[in-house]
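In what follows, a single structure is set out as structure tokens and then discussed.
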Amino acid sequence: AVFVGSSGLLLVSFLDVGQGDAIFIETPSGKQVLIDGGYGRQVLSRLGRVMPGYDKSIDLVIATHTDSDHLGGLIEVLKSYDVRTVVENGFQDNSVLLAEWNKEVEKNGARREIVKAGDQFILDNGVSLKILGPFSEDIKETPDKSNEVMVVAQLVYGETEFLFTGDIERGDEIRLASSGAELKSDVLKVAHHGSQYSTTRLFLEKVMPVYTVISVGKKNRYGHPHTETLSRLASIGSTLFRTDYDGGITFMSNGRFLSLRR
73 AVFVGSSGLL LVSFLDVGQG DAIFIETPSG KQVLIDGGYG RQVLSRLGRV
123 MPGYDKSIDL VIATHTDSDH LGGLIEVLKS YDVRTVVENG FQDNSVLLAE
173 WNKEVEKNGA RREIVKAGDQ FILDNGVSLK ILGPFSEDIK ETPDKSNEVM
223 VVAQLVYGET EFLFTGDIER GDEIRLASSG AELKSDVLKV AHHGSQYSTT
273 RLFLEKVMPV YTVISVGKKN RYGHPHTETL SRLASIGSTL FRTDYDGGIT
323 FMSNGRFLSL RR
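Okay, here's the thing in structure tokens:
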């Protein structure tokens with residue numbers, strides 16, 4: 073990371089990595105966080121647009137879960153960047169993808185941290201990343217199901233909030249909504265690329281986002297985002313951005329107000 077803090081702003085960039093997720097965060101003092109990395113090497117060229125070419129380190133890399141359209145690109149990031157800390161859900165199986173991930177984390181020398189709801193990272197003065205999921209009981213009960221131990225996080229800077237949901241589905245949204253966690257956020261990363269099995273009305277009413285972002289591939293074979301999901305988003309009056317239509321989207325916050333950089 074380059075600790076210049078030239079902008080004095082919090083930057084949150086939803087990178088266009090096709091049918092996958094990748095979110096790059098830079099704090100006012102220049103600390104850098106990457107949440108997921110899409111499927112393959114595309115994330116590297118996208119990072120080149122939001123980081124200086126000479127900057128080859130990232131402070132925090134977060135893998136929300138082990139699906140290839142989130143983890144695959146992070147493996148490429150580990151090969152190309154010096155990563156200080158890797159945050160993950162602790163899920164392990166015998167897949168080739170996870171074996172490669174474990175190998176690259178070790179090779180990179182990054183510190184590994186397994187998180188659960190209630191954990192928090194202080195990223196900068198006034199900037200915190202609150203971990204809302206996975207729930208600790210899920211880690212114990214479903215160690216073989218990566219999607220059921222999803223890392224869900226809320227980024228808070230002053231009076232502005234961003235909610236990152238990975239691929240959570242209806243059941244986890246309902247649990248989050250009834251967990252007592254403060255979900256209200258200015259920006260919501262719509263879960264699971266706009267799948268019909270996520271983004272319930274109950275959850276949206278708890279979050280009440282001003283802006284929503286769907287990270288999704290053009291003409292993908294899954295039919296994402298689903299018309300039902302788009303209808304639910306429209307019903308709350310949120311301004312929607314989609315990476316398949318709009319490309320990458322960057323929000324800037326001074327701790328009080330949000331603005332867009334396109």
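Using this note's numbering, you'd call the opening residue of the sequence shown number 73 and step up by one each time.
Glycine included, every Cβ here is placed at the ideal spot set by N, Cα and C.
None of the values given here were measured: they were computed from a predicted structure.
Notebook entry, point to check: Does DSSP put Thr-271 in a helix, a strand or coil?
Noted result: The count along the sequence shown starts at 1 and reaches residue 271 at position 199. In this structure, Thr-271 counts as coil in the three-state DSSP scheme.
Checklist line | Close Cβ partners of Lys-261 (< 6 Å) along its chain, the five nearest in sequence each way excluded | finding: One-based indexing of the sequence shown puts residue 261 at position 189. Cβ within range, chain order: Phe-236, Thr-237, Val-285.
Next item on the list: Take the Cβ of Val-259 as the centre, count every other Cβ of all protein chains shown within 10 Å, and call the residue buried at 16 or more, exposed below.
Entry: One-based indexing of the sequence shown puts residue 259 at position 187. Counting Cβ neighbours within 10 Å, Val-259 comes out buried, since at least 16 surround it.
Note to self: Let's test the definition: count the other Cβ atoms within 10 Å of the Cβ of Asn-161 and tell me whether it reaches 16, buried, or not, exposed.
What the structure shows: Locating residue 161 in the sequence shown gives position 89, where the first residue counts as 1. With 16 or more Cβ atoms within 10 Å of its Cβ, Asn-161 is classed as buried.
Next item on the list: Give the range of the alpha helix (DSSP H) segment to which Glu-185 is assigned.
Entry: Indexing the sequence shown from 1 puts residue 185 at position 113. Counting along the chain, Glu-185 falls outside any alpha helix (DSSP H), though it belongs to the beta strand (DSSP E) covering 183–186.
Check: Looking only at its own chain, which residues have a Cβ that is under 7 Å from the Cβ of Asp-191, when we skip the five neighbours before and after it?
Finding: Reading the sequence shown from its first residue, position 119 is the one you call residue 191. Closer than 7 Å at Cβ, skipping near neighbours: Ile-203.
Margin query: Rounded to whole angstroms, what is the Cα-Cα separation between Phe-75 and Ser-303?
Written below: To locate residue 75, count along the sequence shown from 1; it is residue 3. To locate residue 303, count along the sequence shown from 1; it is residue 231. Residue placement at Phe-75 is poorly supported in this model, since its pLDDT is 46, which falls under 50; the coordinates are not used for a value here.
Next item on the list: Taking the CB atoms as reference points, tell me whether Ile-147 and Ile-107 lie closer together than 7 Å.
Entry: Counting from one through the sequence shown, the residue named residue 147 turns up at place 75. Counting from one through the sequence shown, the residue named residue 107 turns up at place 35. No, the pair does not count as a contact, with Cβ atoms beyond the cut-off.
Margin query: On a Cα-Cα basis, can you pick out the residue from Glu-176, Ser-250, Val-84, Glu-233 that is closest to Phe-256?
Written below: Here residue 256 corresponds to residue number 184 of the sequence shown, with the count starting at 1. Reading off the sequence shown, one finds Lys at residue 256, where the question assumed Phe. Lys-256 has its Cα closest to that of Glu-233, out of Glu-176, Ser-250, Val-84, Glu-233.
Notebook entry, point to check: So, is Arg-118 buried or exposed, given that buried needs 16 or more other C-beta atoms within 10 angstroms?
Noted result: Mapped onto the sequence shown, residue 118 falls at position 46. Classification for Arg-118: buried.
Check: Are there 16 or more other CB atoms within 10 angstroms of the CB of Ile-321, so buried, or fewer, so exposed?
Finding: The sequence position of residue 321 within the sequence shown is 249, counting from 1. It counts as buried.
Margin query: Excluding the 5 residues flanking Asp-196 on each side, which residues of the same chain have their C-beta closer than 7 Å to its C-beta?
Written below: By 1-based counting over the sequence shown, the position of residue 196 is 124. Thr-99, Pro-100, Ser-101, Lys-103.
Notebook entry, point to check: Is there contact here, the stretch 150–158 with the stretch 173–193, by at least three beta-carbon pairs under 8 Å?
Noted result: yes
Margin query: Here's the rule I'm using: 16 or more other beta-carbon atoms within 10 Å means buried, otherwise exposed. How should Tyr-111 be labelled?
Written below: Indexing the sequence shown from 1 puts residue 111 at position 39. It is buried - the Cβ of Tyr-111 has at least 16 other Cβ atoms within 10 Å.
Next item on the list: Below 7 Å CB to CB, which residues in the same chain sit around Asp-318 once its five sequence neighbours on both sides are set aside?
Entry: For the purposes of this step, residue 318 is taken as residue 246 along the sequence shown, with counting starting at 1. Here the set comprises nothing.
Next item on the list: Would you mind listing the alpha helix (DSSP H) stretches within the stretch 197–261 that are 4+ residues and don't spill past its ends, in chain order?
Entry: 208–213, 242–249
Margin query: Tell me the DSSP secondary structure of Val-288 in three-state form.
Written below: Here residue 288 refers to the residue found at position 216 of the sequence shown. Looking at Val-288 - three-state DSSP - the assignment turns out to be coil, as it is neither helix nor strand.
Check: So is Val-168 buried or exposed if we call it buried at 16+ other beta carbons inside 10 Å?
Finding: In the sequence shown, residue 168 corresponds to position 96, counting from 1. Burial call: exposed.
Margin query: For a test of the three-state rule: what should DSSP assign to Ile-107, helix, strand or coil?
Written below: Here residue 107 corresponds to residue number 35 of the sequence shown, with the count starting at 1. Looking at Ile-107 - three-state DSSP - the assignment turns out to be strand.
Notebook entry, point to check: Of the residues Ile-95, Glu-245, Arg-328, which one's Cα is nearest the Cα of Glu-277?
Noted result: For the purposes of this step, residue 277 is taken as residue 205 along the sequence shown, with counting starting at 1. Comparing Cα positions, the closest option is Glu-245.
Next item on the list: Quick one: grab the DSSP three-state call for Tyr-126.
Entry: Taking the first residue of the sequence shown as position 1, residue 126 is located at position 54. Coil at Tyr-126, not helix or strand.
Item checked: Under 7 Å between C-beta atoms of Tyr-229 and Leu-82 -> Numbered from its first residue, the sequence shown carries residue 229 at position 157. Numbered from its first residue, the sequence shown carries residue 82 at position 10. Their beta carbons are under 7 Å apart, which means Tyr-229 touches Leu-82 by this criterion.
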